[in-house]
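Quick note: the sequence shown uses our numbering, first residue 194, plus one each step.
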Amino acid sequence: MDDIKRRDPRKEHILRNRLHPQYDEMAVDHDLLMSGGTNRKNPHKQGYLSAEGIKRIDRSGAAVAAAGVAKKQQEQSLPLRAIVNPSHYIVVFSDSDSAKLTVLDKDMLGLAHSLADGGTAVVMINLHNREDDLASAGADRALTLDAANYSPDNWLAILQTIDTELSPKHWIFADDTLVGGDLARRLAASLGVRPVTRGNLYAEGTLNCGGGDASKSVNRKLSRILLVEEQVADPIAGFITEASSLDVTEVAGVIPKVTDLGGVAVDPADIPLAETRFILSGGNGIRNWALFHQCAQALGATEGASRVAVDNGHMPRTTQVGATGTYVNAKIYIAVGISGAIQHLQGMTTCETVIALNTDANCEMIKRADLSIIADSSEVMQALVDATFGGKGELDDVG
Ligand SMILES: Cc1cc2nc3c(=O)[nH]c(=O)nc-3n(C[C@H](O)[C@H](O)[C@H](O)COP(=O)(O)OP(=O)(O)OC[C@H]3O[C@@H](n4cnc5c(N)ncnc54)[C@H](O)[C@@H]3O)c2cc1C
């Protein structure tokens, strides 16, 4: 017998008719041999046959939920690897901010198990509570750090405490530019360990690692600190682990050298136009520029402008919004006396909420706006300033 797949015209005929009594039996296999010898997904596979014999797609999520329950039951029937009194530890640090384990997380746990002997417990440090996933991915112990309290010094101190308490045989980190890669290097420097970096394949006690040139690689002996990439090892299979909480004393309560003092008030005029979240933008329909500046100050908005306002010398070139100015990304963009020429609109496409103030109800800016005010610019700006300062006294000097 050769390996050539041959067409089965009868099977294909049945598979074209979803009401054929033998359809379900034949369609068990997702991959159907189509003409040209290409394997393709069966689009009719999803859904179920109703009592009336009509194919229905399950949009309630019940089928997906049932598949999840079945997977869980299958996992629970796997043998449990329980390590009561670990002789050694291997610590895996996951810096992913996803609530689910990533492919790399599972590969790192797989690597840890390749390096672990019978009495070694694999500890996983997470930034999320991932109880659901950890047992099937191979974490014997788990510790969750609060991502909101991230400070490099504080977390390094926590890792040092864990290192003192557990003396792990290996630390495994993702070699990335996120928290893990940085922490791994800090930890290596503080422990005086030369880490193995860019490990991409574990085999027979060595790690194959990326070289300086992308086309080269080197085999390195293992170190205590390993920084690895996806597919470094296969995820575990055939057993589950306890994933119980790690009991390490004093992992919290380390005094960080960096203290978060909270937000600091910033003058909106100092925020770069491309980064600010609130813009009051003025165009050719502004009759009173002093009032415009007062209004921006009263609202706490960063000032923007149309090209005409800039060309006419009312506003500096740095404030121009649009194709030949700055592309802005504000949460709120108030366009006062701006017609909405295509070149201006191009610069503000990603603004979340646009408010237009214009005397022309048919102009393009009004069409783009989420909220429109058809009125004279000076009248409305005056009302805004009055509402903020609580009276006209503040505006006596406005011309
Ligand atoms: C190559 C090229 C690049 C360009 N790049 C840019 C760019 O990056 N950014 C940019 O902005 N433009 C750019 N432009 C210019 C653009 O085409 C428009 O000419 C410009 O945006 C118009 O500015 P404006 O809306 O302020 O003025 P106008 O088009 O004159 O509109 C003024 C608006 O104010 C309203 N108005 C008048 N009086 C009042 C009042 N009292 N109260 C309220 N509303 C009033 C009017 O109804 C009108 O809608 C570019 C043009 C070219 C050719």
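Even glycine gets a Cβ: it sits at the ideal position worked out from N, Cα and C.
Does the pairing of the stretch 305-323 with the stretch 279-288 give three or more beta-carbon distances under 8 Å? In short, these stretches touch, since the Cβ pair count reaches three.
Helix, strand or coil at M541 [DSSP, three-state]: Assignment of M541 by DSSP, reduced to helix, strand and coil, places it in the coil class.
Helix, strand or coil at K409 [DSSP, three-state]: Here K409 carries a coil assignment [DSSP, helix/strand/coil].
Any chance you could list the alpha helix (DSSP H) runs of at least 4 consecutive residues sitting entirely within the stretch 489-566, in chain order? Listed in chain order, they are 500-504, 535-539 and 557-561.
Hey, out of L419, K265 and D346, whose CA is closest to S329's CA? Answer by Cα proximity: K265.
Return the chain-ordered list of same chain residues with a C-beta closer than 6 Å to the C-beta of K524, the five sequence neighbours on each side being excluded. So the qualifying residues of the chain are R470 and E545.
Beta carbon nearer than 5 Å to a non-hydrogen atom of ligand 3: Absent from the structure shown: ligand 3. Ligands present: ligand 1.
With DSSP collapsed to three states, give me the class of H486. The DSSP-derived three-state label of H486 is helix.
What first and last residue would you give for the beta strand (DSSP E) that runs through G186? Residue 186 lies beyond the stretch modelled for the chain, which goes from 194 to 592, so this question has no answer here.
Please report the distance separating the alpha-carbon of E496 from that of M541. Linking E496 to M541 through their CA atoms gives a straight-line distance of about 14 Å.
Quick one: measure Cβ to Cβ for V136 and C402, integer angstroms, because I've assumed they're closer than 8 Å. There is no way to answer for residue 136, as the model of the chain reaches only from 194 to 592.
State the Cα-Cα distance for the pair I527 and G455, rounded to the nearest angstrom. Cα atoms of I527 and G455: separation of roughly 28 Å, rounded to the nearest angstrom.
Sequence-distant residues of its chain with Cβ nearer than 6 Å to A381 (five each side left out): Closer than 6 Å at the Cβ level, and outside the excluded window around A381, lie P388 and I418.
Should I559 be labelled buried (16 or more other beta-carbon atoms within 10 Å of its own) or exposed? Classification of I559: buried, given that the 10 Å Cβ count is 16 or more.
Residues that DSSP places opposite G403 in a beta bridge: G403 pairs with S410.
Over the uninterrupted alpha helix (DSSP H) stretch that includes L297, give me the two end residues. In this chain, the alpha helix (DSSP H) harbouring L297 covers V296 to L308.
When the Cα atoms are used, what is the spatial distance from D290 to I197? Distance between D290 and I197, taken at the CA atoms: about 46 Å.
What span of residues does the beta strand (DSSP E) with H281 cover, start to end? Judged by DSSP secondary structure, H281 falls within the beta strand (DSSP E) whose first and last residues are H281 to F286.
Thinking I472 and A494 are a contact (beta carbons under 8 Å), I'd like their distance in whole angstroms, please. Their Cβ separation, rounded to whole angstroms, is 6 Å, which keeps I472 and A494 in contact under 8 Å.
Cβ of N347 less than 8 Å from any chain B Cβ? Chain labels in this structure do not include chain B; a single protein chain is all it has.
Can you tell me which residues form a DSSP beta bridge with F471? BP columns for F471 point to I525.
Compute the distance between the beta-carbons of A467 and Y520, then report whether it is under 8 Å. A467 is a Cβ neighbour of Y520, given a cutoff of 8 Å.
Start and end of the beta strand (DSSP E) containing L420? Here the beta strand (DSSP E) through L420 covers I418 to V421.
Tell me the DSSP secondary structure of I318 in three-state form. Correct three-state label for I318: strand.
Taking the alpha-carbon of L273 as reference, which of K409, E422 and E435 has the nearest alpha-carbon? With distances taken between Cα atoms, L273 lies closest to E435.
Burial state of D368 (16 or more Cβ within 10 Å): Buried, because 16 or more other Cβ atoms sit within 10 Å of the Cβ of D368.
Beta-carbon within less than 6 Å of R391's beta-carbon, same chain only, minus the 5 sequence neighbours each way: which residues are those? Within the same chain, Cβ atoms closer than 6 Å to the Cβ of R391 are found at D368, C402 and G403, the five residues on either side in sequence being excluded.
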